[in-house]
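Undergrad: For reference, the structure I am asking about is given below.
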Amino acid sequence: MYKKRILIIDDEENFCKLVKKNIEQTGEFEVHIATNGDDGIRLVREIKPDLLLLDIVMPGMDGADVVQLIRDDESIKDTPIVFLTAIVREEEASSQASFTRGYALLAKTVTVGELIACIKKNIRGYAQP
Amino acid sequence: MVILIFALIGLLLGYEIVIVHKRKKRSLSRKLPQQEALPQKPPQQDPIPPQNPSYLEDKLWYEGELNFLFKFNEKLSLSLSFQDVIQCITEAAHDFLPIDRAVLLMWDENSEKFTFACAVGWEHNRSQESLVIDKDSISGVVVRNREALVVSDLAQDWYLSRLKKEEYLRKAFISVPLIFKDEVLGVLHVCDKKSPGPFAQRDVSVVMNIARMGAISLQNVRLYEQTSKRAAELKIAYDELKEMQDKLIQSEKLKAIGQLASGVAHEMRNPLGVIMQGVGYLEQIISPEAKEPRETLSIIKESTLRVDRIVTSLLDFSRATRLELHPEYIGSILESSLNLVKTELKDIEVVREIQEDMPKVLVDKNKLTQVFINLFINAIHAMPEAGRLTIRSFEKLPEETKNSIDERPDAYFEAGEKAVVVEIEDTGMGISEENLKRIFDPFFTTKGQGKGTGLGLSISRNIIIMHKGLIEVKSQVKKGTRVIITLRISKE
Chain A
39 MYKKRILIID DEENFCKLVK KNIEQTGEFE VHIATNGDDG IRLVREIKPD LLLLDIVMPG
99 MDGADVVQLI RDDESIKDTP IVFLTAIVRE EEASSQASFT RGYALLAKTV TVGELIACIK
159 KNIRGYAQP
Chain B
-2 MVILIFALIG LLLGYEIVIV HKRKKRSLSR KLPQQEALPQ KPPQQDPIPP QNPSYLEDKL
58 WYEGELNFLF KFNEKLSLSL SFQDVIQCIT EAAHDFLPID RAVLLMWDEN SEKFTFACAV
118 GWEHNRSQES LVIDKDSISG VVVRNREALV VSDLAQDWYL SRLKKEEYLR KAFISVPLIF
178 KDEVLGVLHV CDKKSPGPFA QRDVSVVMNI ARMGAISLQN VRLYEQTSKR AAELKIAYDE
238 LKEMQDKLIQ SEKLKAIGQL ASGVAHEMRN PLGVIMQGVG YLEQIISPEA KEPRETLSII
298 KESTLRVDRI VTSLLDFSRA TRLELHPEYI GSILESSLNL VKTELKDIEV VREIQEDMPK
358 VLVDKNKLTQ VFINLFINAI HAMPEAGRLT IRSFEKLPEE TKNSIDERPD AYFEAGEKAV
418 VVEIEDTGMG ISEENLKRIF DPFFTTKGQG KGTGLGLSIS RNIIIMHKGL IEVKSQVKKG
478 TRVIITLRIS KE
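See the structure below:
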């Protein structure tokens, strides 16, 4: 069965490992990990994921830089993105980080159930039951 | 012939003596400085009668005058206000001389008008502002000539009696200018001797001394008042600057705290996220029958979420919030906030008493929603079994114009300014008087452990203060609690 591909770009490696375990537990998704922006953008171009889970604050190339590069590249500009954030409320996020406007935001302290629900809602071409 | 020549010489010599004597006389009078000269005889006025007191009488009189002037000077030096000085001058002139009344007028060079300053022995029915005398008066003559005027009978003076009338100048009077360094400050009139006969020369001398000393004192007091006013203005400016500086420092501190809090929040949320994902994973792989491990995981999850809420509250509390103000109907914000907590309501009855056609309020809708949600949750938690939650909103004229929380001048409601009041009332357990004093303190909570961060009311209070509104809590144990919020009406 073809599994939808998800890429996580987050500098917290342990978080990435556990999120990968929890998502792959469903049997529906294949998860790739990048722990910095440079590796992340390279993987986006290589595997062309159906969904990108993107941390905003990272050392070096951060979430805003990655988004800009994706938008500038015709081959990957339509990649669906969900931002992983420590920001409190959505309205604050949109006023503080305009590059997140139009995309979903996910707090890092979400439960597994909320994470899976968000993924299914935003992933490219997911057939809703 | 010889006799004729001697006679001629004698005549010539005599003439020369007369000329020299006249020259000497003229030069003597010129040597006397202006201020020490006796009052000039004004045109068409009565001459000062010749004095013929005994030596002892003179001595006693001058001793009395000296004593009086010393005391007058002492009193003047103790007078620190303009009003005190003019009172002192007028009273001195009235008390020392045997006269009916003394009147002091102040002169304004720019408008060329006098204003009434003080009178003793004269009842005037007009207010000070309306009694204005111009330069075409006897007082005007005194100012123009800058010399004393001594009159025994005004009716007999053809010129003065035709000038503009001044009520207090009836028959006999002495009018003296108050001059300081060539500037005329005013005119002092002493009027109507009690004893028969004209004013004596020494009377004029006393009045002139009073005027001279009074003028110096007036000028000094004027300078003193100007300096005091300036000092007061400087103090106000200094206090304002200090307040602004304190606010700036506070603002910088809050900004630094906000930045620190954001950094801490971010750093804390990363490991919290790891814990949540770890717990989630274990929940999936542990058998449903393994009750104890599952219960342990549940505790870990709950505690993690609690830490997350504390981090959120800390961020809210420390953040220098910028409000996005828009005119809104308070009723709709209340409804939408209530909607967000409806799953918590359970057996609680909700009563709405919202006035129709209320004006809009200028608020940040999201922040106010946060406040109302917090207050609704507090009310719900206070009624664990059941109860009634009443939500009221109405227009009102605030009874007090003072802000009960903050002393900022711009926090006051203006007199007659209407406001919108929101009341959220419950029939819950209530708050004791002791706890009520601490209700807005950060981290103070009456709920059990894990039920609240203790920051909800502090944050709500901060938000209301930022809206320049008022928040107050009234409560009775076992009866319930009422939170009253007063907000400004939008002018749009």
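Protein chains in written order, with our numbering: chain A, 39 to 167; chain B, -2 to 489. Beta carbons: idealized from backbone N, C-alpha and C, even for Gly.
Check whether the Cβ atoms of Leu269 of chain B and Asp305 of chain B lie closer than 8 Å to each other.
TA: Result yes, Cβ atoms of Leu269 of chain B and Asp305 of chain B sit closer than 8 Å.
Undergrad: Just to confirm my understanding: we take Phe111 of chain B, look at its own chain, exclude 5 residues before and 5 after, and list those with CB closer than 6 Å. What are they?
TA: Once the five neighbours on either side are set aside, the close Cβ partners of Phe111 of chain B are Leu102, Trp104, Ile130, Ser136.
Undergrad: Find out if the Cβ-Cβ distance for the pair Val173 of chain B, Ala208 of chain B is shorter than 8 Å.
TA: Taking 8 Å as the Cβ cut-off, Val173 of chain B and Ala208 of chain B qualify as a contacting pair.
Undergrad: What are the boundary residues of the alpha helix (DSSP H) that includes Lys339 of chain B?
TA: Unbroken alpha helix (DSSP H) run through Lys339 of chain B: 339 to 342.
Undergrad: Buried or exposed: where does Ala89 of chain B fall if 16 or more other Cβ atoms within 10 Å of its Cβ makes it buried?
TA: Classification of Ala89 of chain B: buried, given that the 10 Å Cβ count is 16 or more.
Undergrad: If Ile85 of chain A and His70 of chain A are in contact, beta carbons under 8 Å, what's the gap, nearest whole angstrom?
TA: That pair is a contact at about 6 Å.
Undergrad: In angstroms, rounded to a whole number, what distance separates the CA positions of Asp354 of chain B and Lys476 of chain B?
TA: Roughly 32 Å between the two C-alpha positions.
Undergrad: Taking the alpha carbon of Lys339 of chain B as the point to measure from, which residue in B:Phe369, B:Leu257, B:Phe93 has its own alpha carbon closest?
TA: For the residues B:Phe369, B:Leu257, B:Phe93, the minimum Cα distance to Lys339 of chain B belongs to B:Phe369.
Undergrad: So, with DSSP's three-state summary, where would you put Ile402 of chain B?
TA: For Ile402 of chain B, the predicted model reports a pLDDT of 42, less than 50, meaning its position is unreliable and no value from the coordinates is stated.
Undergrad: Are there three or more Cβ pairs, one per stretch, closer than 8 Å when the segment 157 to 177 of chain B is compared with the segment 50 to 64 of chain B?
TA: Verdict: no, contact absent.
Undergrad: Can you tell me the Cα-Cα spacing of Ser401 of chain B and Leu467 of chain B, whole angstroms?
TA: Note that Ser401 of chain B has pLDDT 43, beneath the 50 cutoff, so the model's placement of it is unreliable and the number below is only indicative. Distance between the alpha carbons of Ser401 of chain B and Leu467 of chain B is about 7 Å.
Undergrad: Roughly how many angstroms lie between the CA atoms of Leu372 of chain B and Val148 of chain A, to the nearest whole one?
TA: About 25 Å.
Undergrad: Buried or exposed: Phe53 of chain A, going by 16 or more other Cβ atoms within 10 Å of its Cβ?
TA: With 16 or more other Cβ atoms within 10 Å, it is buried.
Undergrad: Please report the straight-line C-alpha distance between Asn206 of chain B and Glu414 of chain B, rounded to a whole angstrom.
TA: Cα-Cα distance, rounded: 59 Å.
Undergrad: Closest to Leu45 of chain A by C-alpha separation, out of A:Leu90, A:Gly65, A:Phe67, would be which residue?
TA: Checked all of A:Leu90, A:Gly65, A:Phe67; the closest Cα to Leu45 of chain A is A:Leu90.
Undergrad: Check whether chain B comes within 8 Å of Thr138 of chain A, counting only Cβ atoms and requiring the distance to be less than that.
TA: No, its Cβ sits nowhere closer than 8 Å to a Cβ of chain B.
Undergrad: Could you check whether the segment 93 to 100 of chain B touches the segment 187 to 203 of chain B, counting it as contact only if at least three pairs of C-beta atoms, one from each stretch, sit closer than 8 Å?
TA: Yes: the two stretches touch, three or more of their Cβ pairs being nearer than 8 Å.
Undergrad: In the structure shown, what three-state DSSP assignment does Val347 of chain B receive?
TA: Looking at Val347 of chain B - three-state DSSP - the assignment turns out to be strand.
Undergrad: With a threshold of 8 Å between beta-carbons, can Val69 of chain A be considered close to chain B, or not?
TA: Val69 of chain A does not count as touching chain B.
Undergrad: Scan the segment 123 to 169 of chain B and note each continuous beta strand (DSSP E) run of 3 residues or more that stays entirely inside, going in chain order.
TA: Runs of the beta strand (DSSP E) inside the segment 123 to 169 of chain B: 129 to 131, 146 to 148.
Undergrad: Is the beta carbon of Ile296 of chain B closer than 8 Å to that of Pro290 of chain B?
TA: The answer is no: Cβ separation not under 8 Å.
Undergrad: Could you check where the beta strand (DSSP E) with Ser455 of chain B kicks off and where it finishes?
TA: Counting along the chain, Ser455 of chain B falls outside any beta strand (DSSP E), though it belongs to the alpha helix (DSSP H) covering 453 to 463.
Undergrad: Does DSSP classify Val417 of chain B as helix, strand or coil?
TA: Correct three-state label for Val417 of chain B: strand.
Undergrad: Starting from Thr301 of chain B, find everything on chain A with Cβ-Cβ shorter than 9 Å and list it in chain order.
TA: The contacting residues are Thr147.
Undergrad: Is Val173 of chain B close to the ligand SAM? I mean its beta-carbon at under 7 Å from any heavy atom of the ligand.
TA: Of the ligands one can find in the structure shown there are none, so the ligand SAM has no counterpart to examine.
Undergrad: Excluding five sequence neighbours on each side, which residues of the same chain lie with their C-beta closer than 7 Å to the C-beta of Arg349 of chain B?
TA: Same-chain partners within the cutoff: Ile388.
Undergrad: Hey, how far is the Cα of Ile176 of chain B from the Cα of Glu144 of chain B?
TA: Spanning the two alpha carbons is a distance of roughly 10 Å.
Undergrad: Could you confirm whether any beta carbon from chain A is found closer than 8 Å to the beta carbon of Met426 of chain B?
TA: No, its Cβ sits nowhere closer than 8 Å to a Cβ of chain A.
Undergrad: Which first and last residues belong to the beta strand (DSSP E) in which Arg435 of chain B is found?
TA: Per DSSP, Arg435 of chain B belongs to no beta strand (DSSP E) and is neither H nor E.
Undergrad: Tell me whether the beta-carbon of Gly275 of chain B lies closer than 8 Å to the beta-carbon of Leu144 of chain A.
TA: Not a contact, by the Cβ cut-off of 8 Å.
Undergrad: Given a cut-off of 8 Å, decide if Val147 of chain B and Ile171 of chain B are closer than it, judged by their beta-carbon atoms.
TA: Going by C-beta atoms, Ile171 of chain B is nearer than 8 Å to Val147 of chain B.
Undergrad: Spell out a yes or no on whether the segment 99 to 116 of chain A and the segment 227 to 245 of chain B are touching, meaning 3 or more CB-CB pairs, one atom from each, closer than 8 Å.
TA: No, because fewer than three Cβ pairs between the segment 99 to 116 of chain A and the segment 227 to 245 of chain B fall closer than 8 Å, the two stretches do not touch.
Undergrad: Report the three-state DSSP secondary structure of Ala124 of chain A (helix, strand or coil).
TA: In this structure, Ala124 of chain A counts as coil in the three-state DSSP scheme.
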